[in-house]
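Going letter by letter, the sequence shown gives residues 4 to 234 in the working numbering.
We put the CB at the ideal spot given by N, CA and C, even for glycine.
Data block below; observations after.
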Amino acid sequence: MTNTTSHGAAVQQSAVRIPAGRAMLDADLAIPAGARGLVIFAHGSGSSRKSTRNRAVAEALHVAGLGTLLLDLLTAAEEQVDRLTAEHRFNIPLLATRLVAAIDWAVAAPETRALPIALFGASTGAAAALIAAADRPALVRAVVSRGGRPDLAGEALPHVHAPTLLVIGSRDVPVIELNEQAARAMTCPREIAIVAGATHLFEEPGTLEEVQDLAAKFIREHVAAAAAGAT
């Protein structure tokens with residue numbers, strides 16, 4: 004199915020299922036014409052591929068010439084349990100393993116295998132993204148965290164090779180401190196971007212748009228470098 008963004012860009016969209024061990028993960032794949040890279044999203048605690056914030060970011064990335072893969076890191080049955088117990092949303096190793104499975108799927112799938120990969124993680128999904136980047140250093144070209152908890156990536160942080168952008172709201176003070184701690188533990192190129200006036204969910208007018216601009220610019224820069232290096 005082909006749709007267009009609000010800016011008129013043609014985007015090929017499809018629902019896909021990704022094997023991850025014994026699980027099958029539901030995902031939405033969107034590839035704009037002439038895509039230069041693929042951004043795989045890792046959603047945060049209690050969220051899913053239907054997240055309105057991440058879908059807004061995804062559309063901005065389509066306009067920037069980047070494909071997106073928004074996937075549920077939990078199965079429907081696991082999500083049902085998690086809504087009651089919250090036992091899976093902080094299982095960072097499980098989320099990271101599922102994200103690695105999505106990366107491996109993307110490098111093999113005909114529609115995505117030619118595209119350099121970046122990861123976009125929100126909240127606890129940022130930790131999963133960093134662990135996955137450390138696990139697949141030759142495949143992941145960039146990581147962006149939105150209001151993330153990169154500190155939960157723990158021992159994986161020094162092993163992340165991909166350039167990383169940590170985007171945090173200026174009013175999300177505890178998370179700023181956790182991001183600064185994580186950045187000190189990292190050895191890859193990394194940047195911290197503080198969005199003025201934003202709280203944890205970037206609900207304030209104009210703040211999510213700033214996240215979109217920061218993410219699109221950062222990812223395009225690094226996937227372009229990856230594409231140039233492959234020629």
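With a 10 Å radius around its C-beta and 16 neighbouring C-beta atoms as the bar for buried, classify residue i as buried or exposed.
i    : result
E62  : buried
A79  : exposed
T1   : Residue numbering for the chain in the displayed model covers 4 to 234; residue 1 lies beyond these limits and cannot be assessed.
T167 : buried
A218 : buried
V198 : buried
V84  : exposed
P35  : buried
S148 : buried
A13  : exposed
R25  : exposed
S17  : exposed
A156 : buried
G172 : buried
Can the beta-carbon of residue i be found less than 9 Å from the beta-carbon of residue j?
i    : j    : result
L74  : F93  : no
L142 : G70  : no
I160 : L133 : Correcting the residue type first, residue 160 is Leu in the shown sequence and not Ile. Contact flag set, yes.
I106 : I95  : no
E183 : A201 : no
R223 : G68  : yes
P140 : H162 : yes
A196 : A165 : no
R144 : H225 : yes
A109 : R101 : no
What number of angstroms, rounded off, separates the C-alpha of residue i from the C-alpha of residue j?
i    : j    : result
H151 : T190 : Correcting the residue type first, residue 151 is Gly in the shown sequence and not His. Whole-angstrom Cα-Cα distance: 18 Å.
A125 : L41  : 17 Å
H203 : L181 : 13 Å
T210 : D154 : 23 Å
L76  : A131 : 10 Å
N57  : A186 : 23 Å
D29  : S54  : 14 Å
L97  : A104 : 11 Å
T234 : E81  : Annotation note: pLDDT 47 at T234 (below 50); position unreliable, coordinate value reported separately. Roughly 42 Å separates the two Cα atoms.
L72  : R86  : 23 Å
E194 : F221 : 10 Å
M27  : A99  : 15 Å
V170 : Q215 : 10 Å
H65  : A33  : 8 Å
According to DSSP, residue i sits in a beta bridge with which residue or residues?
i    : result
L69  : G40
A26  : A23
R149 : A125, V170
S17  : L32
I195 : L169
A45  : G124
V143 : I120
L74  : A30
Stretch-stretch touch, CB-based, cutoff 8 Å, three pairs: the stretch 174–190 with the stretch 11–28: Result no; under three Cβ-Cβ pairs closer than 8 Å.
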